[in-house]
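Residue numbers (the working numbering): 17 to 148.
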């Protein structure tokens with residue numbers, strides 16, 4: 017990783033969002049280079065007294081990682097738009113006391129954008145490798 021690129025929090029997707037959430041949470045985020053057809057991926061290094069391990073970090077698509085952050089940041093998630101069959105097609109997330117909300121077809125993506133905005137603001141810096 018060499019350079020960082022500024023991206024609007026509302027535009028973060030995929031691994032960019034994972035990186036930003038990890039940074040917002042103060043985690044030791046790492047990038048794994050492309051291998052076996054996989055693109056760049058975000059990992060977090062967990063360091064204990066005796067062991068060190070790297071684990072995949074994808075709170076934007078993994079409820080076991082993103083769910084606790086929704087609770088921690090007291091985020092509100094609600095339907096924002098419906099299709100002709102009354103199925104929700106857009107979700108809105110925001111922190112309890114903020115006027116700024118984030119929308120996406122995935123409630124988890126909307127929530128992780130809101131969580132990132134809470135700590136890092138309107139723009140974040142992400143590795144250029146994640147912007148390709």
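Ideal placement from N, C-alpha and C gives every residue a C-beta, glycine not left out. Because the structure is a prediction, the values reported are computed rather than measured.
Subject >> C-alpha distance - residue 141 paired with residue 119, whole-angstrom precision >> reply: 20 Å
Original post:
Do residue 132 and residue 43 have their CB atoms nearer than 8 Å?
Top reply: no
Original post:
For residue 24, which of helix, strand or coil comes out of DSSP?
Top reply: strand
**OP:** Ignore the nearest five residues each way along the sequence and tell me which others in residue 11's own chain have a CB closer than 7 Å to its CB.
**Re:** The chain is shown only over 17 to 148; residue 11 falls outside these bounds and no answer can be derived.
Original post:
Within this structure, are the beta carbons of residue 146 and residue 31 separated by less than 8 Å?
Top reply: yes
Original post:
Can you give, in chain order, each stretch of the beta strand (DSSP E) that sits fully within the region 84-126 and has at least 3 residues?
Top reply: 91-98, 104-111, 118-120
Subject >> As assigned by DSSP and simplified to three states, the class of residue 47 >> reply: strand
Subject >> Selection from 78, 58, 121 that minimises the alpha carbon distance to residue 96 >> reply: 121
**OP:** Assign residue 137 to buried or exposed, taking buried as 16 or more other Cβ atoms, counted over all protein chains shown, within 10 Å of its Cβ.
**Re:** exposed
Original post:
Is residue 107 buried or exposed, if buried means 16 or more other CB atoms sit within 10 Å of its CB?
Top reply: buried
**OP:** Give me whichever residues DSSP pairs with residue 139 in a beta bridge.
**Re:** 24
Original post:
Straight-line CA distance for residue 123 to residue 34?
Top reply: 15 Å
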